[in-house]
Amino acid sequence: MKKLLLQFTFSFLLRNILKIFVGVQFHKAKFLVDEKQFIIVANHNSHLDTMALMASIPSKIIDRVRPVAAADHFGKTSRQARMSNYFINTLLIPRKRDKDHPAEDPINKMIAALDEGYSLIIFPEGTRGEPEKLQPLKPGVGIVLSKRPLIKYVPVFMSGMGKAMPKGDSLIVPHTARLFYGSPASVKSTDVHEIISQIEADIMELKAKVTAPATNNA
Amino acid sequence: MDKIFRTDIIHKSQLLIVVALIFAILVFATLLFFIIGKINPNAKLNEVKARTKSWWVMATVFIGATLVNTNISYVAIAFLSFAAFRELYSILGFRESDRRAIFWAFVSIPVQYYLAFIGWYGAFIIFIPVVMFLLLPLRLVLKGDTQGIIKSMSMLQWTLMLTVFGISHMAYLLSLPKLNGFENGGRGLLLFLVFITEINDVMQFTWGKLLGRHKIIPKISPNKTWEGFIGGIICTTIIGYFLRFLTPLNNYQALLVSFIVAIAGFVGDVVMSSIKRDIGLKDTGSIIPGHGGILDRIDSLAYAAPAFFHLVYYIAY
Chain A
4 MKKLLLQFTF SFLLRNILKI FVGVQFHKAK FLVDEKQFII VANHNSHLDT MALMASIPSK
64 IIDRVRPVAA ADHFGKTSRQ ARMSNYFINT LLIPRKRDKD HPAEDPINKM IAALDEGYSL
124 IIFPEGTRGE PEKLQPLKPG VGIVLSKRPL IKYVPVFMSG MGKAMPKGDS LIVPHTARLF
184 YGSPASVKST DVHEIISQIE ADIMELKAKV TAPATNNA
Chain B
135 MDKIFRTDII HKSQLLIVVA LIFAILVFAT LLFFIIGKIN PNAKLNEVKA RTKSWWVMAT
195 VFIGATLVNT NISYVAIAFL SFAAFRELYS ILGFRESDRR AIFWAFVSIP VQYYLAFIGW
255 YGAFIIFIPV VMFLLLPLRL VLKGDTQGII KSMSMLQWTL MLTVFGISHM AYLLSLPKLN
315 GFENGGRGLL LFLVFITEIN DVMQFTWGKL LGRHKIIPKI SPNKTWEGFI GGIICTTIIG
375 YFLRFLTPLN NYQALLVSFI VAIAGFVGDV VMSSIKRDIG LKDTGSIIPG HGGILDRIDS
435 LAYAAPAFFH LVYYIAY
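Protein sequence lines correspond, in order, to chains A and B.
Under the numbering used here, think of the first position of the first sequence as 4, with each following residue one higher.
Under the numbering used here, think of the first position of the second sequence as 135, with each following residue one higher.
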């Protein structure tokens with residue numbers, strides 16, 4: 004039931020609204036079906052990001068993918084938390100590490116979800132930044148990948164989302180946007196900093212690909 | 135219900151002839167490139183093949199959306215305006231503080247098409263050039279970000295004029311009153327306009343590829359040549375003459391109108407090219423394979439539609 008609901012809201016409804024109304028151009032993501040488990044790392048400029056990413060995922064595996072979100076923002080009340088868990092399939096985590104309660108620690112929560120077989124969507128910038136600018140990445144995803152180095156990560160770059168719906172504004176103004184998938188990659192080392200710079204380089208490379216202006220004539 | 139799903143195109147044999155002609159051209163072009171590709175496998179045909187494939191889709195969508203039912207046509211053309219407006223403003227680089235004004239510009243699209251739908255000519259013709267022209271700066275002023283405000287005002291109004299006001303003339307053709315002895319009505323005119331404009335693009339492209347030597351405006355568009363321009367205009371004028379049965383025009387009027395539409399289409403094309411030059415883009419988008427964005431395809435229509443509409447309105451109505 005939940006899978007059907009997710010498929011209907013994201014793969015059908017939101018995908019078409021984003022495509023036709025907002026003007027998002029989706030990149031093919033069929034290859035995700037062949038990956039057993041993955042962590043999507045994407046840049047973050049807008050509330051549309053999560054919606055667009057969920058809508059881009061093949062409907063076959065949509066219930067196996069959980070976007071990681073901040074509990075203090077999306078789970079202010081327990082009712083809100085239940086709603087976003089049910090309708091967006093979120094994994095809510097606290098922003099700060101918690102040494103005293105290992106079960107509540109954000110890193111442990113993500114690892115637990117991975118061990119259950121879920122794939123994750125993580126915005127390593129932590130919060131939405133200015134449109135088209137990448138902020139320094141937080142180490143969280145690096146720690147997770149250093150503890151589960153066999154899981155592949157998939158870099159994603161989105162442009163235009165922050166123009167259609169920037170931070171601090173709830174009005175959506177249609178604006179051409181693109182969602183671009185990189186190819187799945189394994190971490191080259193288990194050092195957190197090296198993982199982070201590897202991911203950062205991948206996202207920047209995608210960004211260059213997406214925003215490169217054609218120099219040809221018209 | 136019967137009114138909404140009326141499909142009386144079947145009874146309009148003259149429109150059907152042109153529809154058959156369009157598909158005949160497409161079949162011819164597809165076969166031609168297929169055969170050339172077989173004879174000379176080294177010929178660079180990828181671009182023209184992609185273009186032809188996209189033409190199939192565009193022609194089918196256009197015929198389905200505009201000829202089958204008039205009421206759907208208004209919505210379809212309005213959506214075309216919407217997509218073109220979105221595409222153009224997205225590449226122009228507006229400020230974040232312009233978003234509210236842009237939102238109102240988006241709202242003006244259904245209003246403009248509603249005015250075309252009810253056939254209120256006076257309001258239709260002033261809504262964007264006067265009403266929106268006066269209102270949009272107000273919204274920008276209320277936001278209070280004055281750094282670069284004149285640029286935003288001008289770009290926004292210009293984008294609206296080109297993609298909404300210009301294109302909406304296509305919709306108003308369908309709302310023109312009935313003329314005695316002229317059966318095809320607005321759909322005949324719309325089909326004539328779009329066919330003439332697009333065949334003009336194709337002819338200029340073809341003549342330019344075949345004979346093009348002397349560049350017209352090398353700084354803006356290196357692909358535009360005098361040979362393509364003149365060959366295109368002559369072909370378009372002749373084709374317009376033979377398709378005059380779609381319009382209420384007589385022989386001379388049909389020649390004149392086709393000639394002016396051909397020139398207007400060319401001007402629209404190079405104006406859009408100059409903007410792309412300014413921003414440093416080749417195409418305005420990548421939605422239509424081989425062609426680029428929506429704007430790359432309808433830039434000539436944005437100029438040709440008002441020119442055609444007002445000429446016909448003056449001559450025949």
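Glycine included, every Cβ here is placed at the ideal spot set by N, Cα and C.
Give the DSSP-derived three-state secondary structure of residue i in the structure shown.
i: T418/B; result: coil
i: T359/B; result: strand
i: Y121/A; result: coil
i: I43/A; result: strand
i: N219/A; result: Here N219/A scores only 36 on pLDDT, less than 50, and its place in the model is too uncertain to base an answer on.
i: L325/B; result: helix
i: I96/A; result: strand
i: A177/B; result: coil
i: M135/B; result: Confidence at M135/B is low in this model, with a pLDDT of 46, below 50, so its placement is unreliable and the value that follows should be read with caution. Three-state DSSP puts M135/B in coil, outside helix and strand.
i: I23/A; result: helix
i: Q138/A; result: coil
i: E107/A; result: helix
Measure from the C-beta of residue i to each C-beta in chain B and report whether the shortest distance is under 9 Å.
i: E166/A; result: Checking the sequence, you will find Lys at residue 166/A rather than Glu. Yes - at least one Cβ of chain B is within 9 Å of the one on K166/A.
i: D172/A; result: yes
i: G259/A; result: Nothing in the structure corresponds to residue 259/A, since chain A is present only between 4 and 221.
i: A217/A; result: A caution first: A217/A carries a pLDDT of 42, below 50, which makes its placement in the model unreliable, though a value can still be read off. Closer than 9 Å: yes.
i: Q28/A; result: yes
i: L152/A; result: Looking at the sequence shown, residue 152/A is not Leu but Pro. Chain B contact via Cβ: absent.
i: T179/A; result: yes
i: V213/A; result: no
i: P70/A; result: no
i: G163/A; result: yes
i: P139/A; result: no
i: P169/A; result: yes
i: V144/A; result: no
i: V159/A; result: no
i: V44/A; result: no
i: V176/A; result: yes
Against chain A, with Cβ distances strictly below 9 Å, would residue i count as a contact?
i: I394/B; result: no
i: I421/B; result: yes
Who pairs with residue i in a beta bridge, going by DSSP?
i: G426/B; result: I422/B
i: R181/A; result: Q28/A and S162/A
i: P70/A; result: I124/A
i: K349/B; result: T359/B
i: K155/A; result: F41/A
i: A188/A; result: Y156/A
Have a look at residue i and residue j and give me their C-alpha separation to the nearest angstrom.
i: E317/B; j: G374/B; result: 18 Å
i: I211/B; j: F24/A; result: 15 Å
i: F15/A; j: G365/B; result: 47 Å
i: L179/B; j: G424/B; result: 11 Å
i: K183/B; j: I156/B; result: 17 Å
i: I428/B; j: E221/B; result: 8 Å
i: R233/B; j: G227/B; result: 11 Å
i: L308/B; j: Y248/B; result: 12 Å
i: P271/B; j: I225/B; result: 20 Å
i: D335/B; j: S188/B; result: 14 Å
i: G319/B; j: S420/B; result: 35 Å
i: S215/B; j: V241/B; result: 12 Å
i: W254/B; j: V245/B; result: 12 Å
i: L8/A; j: N92/A; result: 11 Å
i: V153/B; j: G342/B; result: 26 Å
i: Y451/B; j: I372/B; result: 24 Å
i: Y448/B; j: P440/B; result: 12 Å
i: F29/A; j: A167/A; result: 15 Å
i: T214/A; j: A115/A; result: 36 Å
i: G282/B; j: Q291/B; result: 15 Å
i: I199/A; j: S355/B; result: 45 Å
i: I202/A; j: K210/A; result: 12 Å
i: S280/B; j: F167/B; result: The amino acid at residue 280/B is misidentified as Ser; the sequence shows Thr. Computed Cα separation, rounded: 54 Å.
For the region 228-239 of chain B, which residues have a CB atom closer than 8 Å to at least one CB atom of chain A, in sequence order?
-> E230, R233, R234, I236 and F237
Check each residue of the region 208-229 of chain B: if its Cβ is closer than 7 Å to any Cβ of chain A, include it; give the result in chain order.
-> R220, E221 and S224
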